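Asks: These protein sequences, in sequence, are chains A and B.
In case it helps, the numbering used here puts the first sequence at residues 24 to 254.
In case it helps, the numbering used here puts the second sequence at residues 24 to 254.
Please see the structure below; I have some questions.
There are 2 protein chains.
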Amino acid sequence: MSKLDESLLTGLPPFSLLERSQIREILDQALPKRYDEGAEIFHEGHDAERFHLLLDGYIRVVKTTEGGEQIIALHISPGQLFGIAPALNRDTYPATAIAASESLALSWPVRLWGEFTTKYPGFATESYSTLGQRLGEMQTRITELATQAVEQRVAAALLRMVTQSGRKVDEGIEIAFPVTRRNISEMTGTTLHTVSRLLSAWEKDGIVHSTRKHIVVTAPHRLVLLSGAQG
Amino acid sequence: MSKLDESLLTGLPPFSLLERSQIREILDQALPKRYDEGAEIFHEGHDAERFHLLLDGYIRVVKTTEGGEQIIALHISPGQLFGIAPALNRDTYPATAIAASESLALSWPVRLWGEFTTKYPGFATESYSTLGQRLGEMQTRITELATQAVEQRVAAALLRMVTQSGRKVDEGIEIAFPVTRRNISEMTGTTLHTVSRLLSAWEKDGIVHSTRKHIVVTAPHRLVLLSGAQG
DNA sequence: GGACCACTTTGTCCTTCAGCAAACTTGCGG
DNA sequence: CCGCAAGTTTGCTGAAGGACAAAGTGGTCC
Numbered sequence: 024m025s026k027l028d029e030s031l032l033t034g035l036p037p038f039s040l041l042e043r044s045q046i047r048e049i050l051d052q053a054l055p056k057r058y059d060e061g062a063e064i065f066h067e068g069h070d071a072e073r074f075h076l077l078l079d080g081y082i083r084v085v086k087t088t089e090g091g092e093q094i095i096a097l098h099i100s101p102g103q104l105f106g107i108a109p110a111l112n113r114d115t116y117p118a119t120a121i122a123a124s125e126s127l128a129l130s131w132p133v134r135l136w137g138e139f140t141t142k143y144p145g146f147a148t149e150s151y152s153t154l155g156q157r158l159g160e161m162q163t164r165i166t167e168l169a170t171q172a173v174e175q176r177v178a179a180a181l182l183r184m185v186t187q188s189g190r191k192v193d194e195g196i197e198i199a200f201p202v203t204r205r206n207i208s209e210m211t212g213t214t215l216h217t218v219s220r221l222l223s224a225w226e227k228d229g230i231v232h233s234t235r236k237h238i239v240v241t242a243p244h245r246l247v248l249l250s251g252a253q254g
Numbered sequence: 024m025s026k027l028d029e030s031l032l033t034g035l036p037p038f039s040l041l042e043r044s045q046i047r048e049i050l051d052q053a054l055p056k057r058y059d060e061g062a063e064i065f066h067e068g069h070d071a072e073r074f075h076l077l078l079d080g081y082i083r084v085v086k087t088t089e090g091g092e093q094i095i096a097l098h099i100s101p102g103q104l105f106g107i108a109p110a111l112n113r114d115t116y117p118a119t120a121i122a123a124s125e126s127l128a129l130s131w132p133v134r135l136w137g138e139f140t141t142k143y144p145g146f147a148t149e150s151y152s153t154l155g156q157r158l159g160e161m162q163t164r165i166t167e168l169a170t171q172a173v174e175q176r177v178a179a180a181l182l183r184m185v186t187q188s189g190r191k192v193d194e195g196i197e198i199a200f201p202v203t204r205r206n207i208s209e210m211t212g213t214t215l216h217t218v219s220r221l222l223s224a225w226e227k228d229g230i231v232h233s234t235r236k237h238i239v240v241t242a243p244h245r246l247v248l249l250s251g252a253q254g
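Spelled out as structure tokens, the structure:
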């Protein structure tokens with residue numbers, strides 16, 4: 024593994040305001056690792072031995088029910104910490120992390136968590152803000168699941184992915200990682216069949232254009248209408 | 024308001040391990056307040072000026088959708104901190120808190136949050152553990168909503184309330200605060216009608232006994248079966 | 001180039017549960 | 001003690017969407 028460059032961390036929220044030497048030190052203790060699409064990074068229930076920072080790619084955080092069904096809890100984008108069980112005094116991971124696309128992540132042993140939070144003021148603050156945001160998102164998903172119809176939930180899920188990872192292409196905005204119908208159904212609590220039907224309908228209406236594992240949203244504003252209070 | 028007694032806080036997780044003089048100091052800065060059933064303690068979106076500790080009673084934390092529907096996010100029991108937006112660097116409350124029964128709570132201005140967390144080691148740790156648990160519960164609710172049928176969700180909601188606040192009576196275990204059918208429907212994402220039908224059926228089966236705003240679970244084990252993978 | 005595999009599409013049926021409506025019960029305030 | 005409000009029960013109907021089935025379509029590996 025080649026020597027890591029400091030520019031990797033410079034400007035990332037958790038490490039902003041740090042001096043070059045500090046970043047060097049943090050980096051020297053990091054273990055970089057590449058993950059293929061579909062590769063597991065850590066598993067629900069296992070001992071939380073390391074915490075992670077995603078540098079490139081996208082991560083799906085997944086929970087499995089006793090019935091064997093999977094629920095996608097959230098997606099991680101580059102620059103975000105994940106698997107930060109130590110922040111909440113947990114000693115096992117509460118969910119499984121899987122690379123949604125080919126990804127690169129750094130990780131540190133949990134014992135460094137305490138060191139980082141005390142040594143670098145911004146680090147703790149930033150981490151807990153992240154947690155706060157995630158809590159808010161989960162709130163939103165709960166109210167969505169509790170009050171909205173399937174069509175609205177699927178529209179909202181697409182918009183969330185677009186917002187988090189959308190990149191401009193000439194047709195519209197493309198979700199930057201592979202997504203299957205099944206994936207979407209696991210984000211919205213429905214079946215892949217229903218998702219397929221919805222996407223087909225939207226395709227016909229010119230709202231989205233989707234190929235095998237890729238989705239381009241061509242009319243985001245119409246999707247917003249579908250996701251909102253009334254269509 | 025009469026002088027507060029130190030025994031109020033002694034032994035409560037957030038303040039365990041503290042010396043008498045420290046507890047005295049904390050208590051002297053606290054504002055105690057009594058709330059009638061249904062009274063609002065703070066409102067979603069308002070400036071988070073204080074954080075709270077529930078001493079007696081039960082609090083419902085509620086989120087309102089644009090459509091005006093309410094979703095009950097969680098219940099707070101005595102001894103728990105709530106409205107701890109500052110822990111996540113939020114400056115507004117993410118939800119509304121309402122007394123589910125007559126309640127007594129202490130509160131402190133948010134500026135003391137930093138002081139408490141730095142001065143009293145156990146305080147921060149304990150607070151973040153609480154947050155971790157809540158995050159876990161929300162996860163569970165999301166998977167429930169996404170994968171389980173209404174009957175299972177309602178059974179699970181009753182069990183959750185029983186676990187959190189159940190007190191033994193001769194018929195079985197009673198939920199310690201008033202709960203209406205509508206409340207349950209707001210916890211489970213269904214309608215009060217459906218909840219009413221379920222409770223009636225369970226009453227006939229001898230699983231619960233419910234009066235107007237009170238529920239006694241007479242056969243918890245059967246409820247567990249209903250909430251589980253298969254009924 | 002062919003075979004297999006993963007993903008998708010589409011059709012049909014059937015259950016669950018939300019929506020609507022209306023009567024009933026309980027408790028409280030005057 | 002009466003009237004009203006809040007909470008509950010119950011019936012009926014219809015639509016949403018899950019379950020099952022089966023065929024279509026890329027993509028990839030040999």
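Think of the CB as a built atom: it goes at the ideal place given N, C-alpha and C, for glycine as much as any other residue.
Just so we're clear, the structure is a prediction, and the values are computed from it rather than from any experiment.
Does the structure place the segment 165 to 176 of chain A close enough to the segment 120 to 132 of chain A that three or more beta carbon pairs sit under 8 angstroms?
Replies: With the cut-off at 8 angstroms, the segment 120 to 132 of chain A and the segment 165 to 176 of chain A do not touch.
Asks: Given a threshold of 16 other Cβ atoms within 10 Å of its Cβ, counted over all protein chains shown, does residue 252 of chain B qualify as buried or as exposed?
Replies: Because the pLDDT of residue 252 of chain B is 46, which lies under 50, any placement of that residue in the model is unreliable, and the number read from its coordinates should be weighed accordingly. Label assigned to residue 252 of chain B: exposed.
Asks: List the endpoints of the continuous beta strand (DSSP E) containing residue 195 of chain B.
Replies: 195 to 197
Asks: Does the beta-carbon distance from residue 54 of chain B to residue 150 of chain B come in below 8 angstroms?
Replies: In this structure, residue 150 of chain B does not lie closer than 8 angstroms to residue 54 of chain B by Cβ.
Asks: On the premise that residue 230 of chain A lies in contact with residue 241 of chain A, defined as a C-beta separation below 8 angstroms, what is that separation, rounded to the nearest angstrom?
Replies: 6 angstroms
Asks: Which class does residue 41 of chain B belong to by DSSP, given the choice of helix, strand or coil?
Replies: coil
Asks: Rounded to whole angstroms, what's the CA-CA distance from residue 200 of chain B to residue 234 of chain B? Just pull it up for me.
Replies: 13 angstroms
Asks: Thinking C-alpha only, which one of B:116, B:148, B:173, B:181 is nearest residue 73 of chain B?
Replies: B:116
Asks: So with Cβ pairs under 8 angstroms, would you call residue 113 of chain B a contact of chain A?
Replies: yes
Asks: Which bits of chain B does residue 86 of chain A rub up against, with CB to CB less than 9 angstroms?
Replies: 162, 163, 165, 166
Asks: Assign residue 76 of chain B to buried or exposed, taking buried as 16 or more other Cβ atoms, counted over all protein chains shown, within 10 Å of its Cβ.
Replies: buried
Asks: Distance cutoff 8 angstroms, beta carbons only. Does residue 129 of chain A sit that close to anything in chain B?
Replies: no
Asks: I need the DSSP call for residue 151 of chain B, collapsed to helix, strand or coil.
Replies: helix
Asks: Can you tell me which of the three DSSP states residue 101 of chain B falls into?
Replies: Three-state DSSP puts residue 101 of chain B in coil, outside helix and strand.
Asks: In this structure, does DSSP put residue 157 of chain B in helix, strand or coil?
Replies: helix
Asks: Can you check DSSP and say which residues form a bridge with residue 225 of chain B?
Replies: Beta-bridge pairing links residue 225 of chain B to no other residue.
Asks: On the criterion of 16 or more Cβ atoms from any shown chain inside 10 Å, does residue 259 of chain B qualify as buried, or is it exposed?
Replies: This structure does not reach residue 259 of chain B, given that chain B is present from 24 up to 254, and the question cannot be answered.
Asks: For residue 203 of chain B, go through chain A and note every residue whose CB falls closer than 7 angstroms to its CB, in chain order.
Replies: Those do not exist, as residue 203 of chain B stays about 17 angstroms from chain A at its closest Cβ, beyond 7 angstroms.
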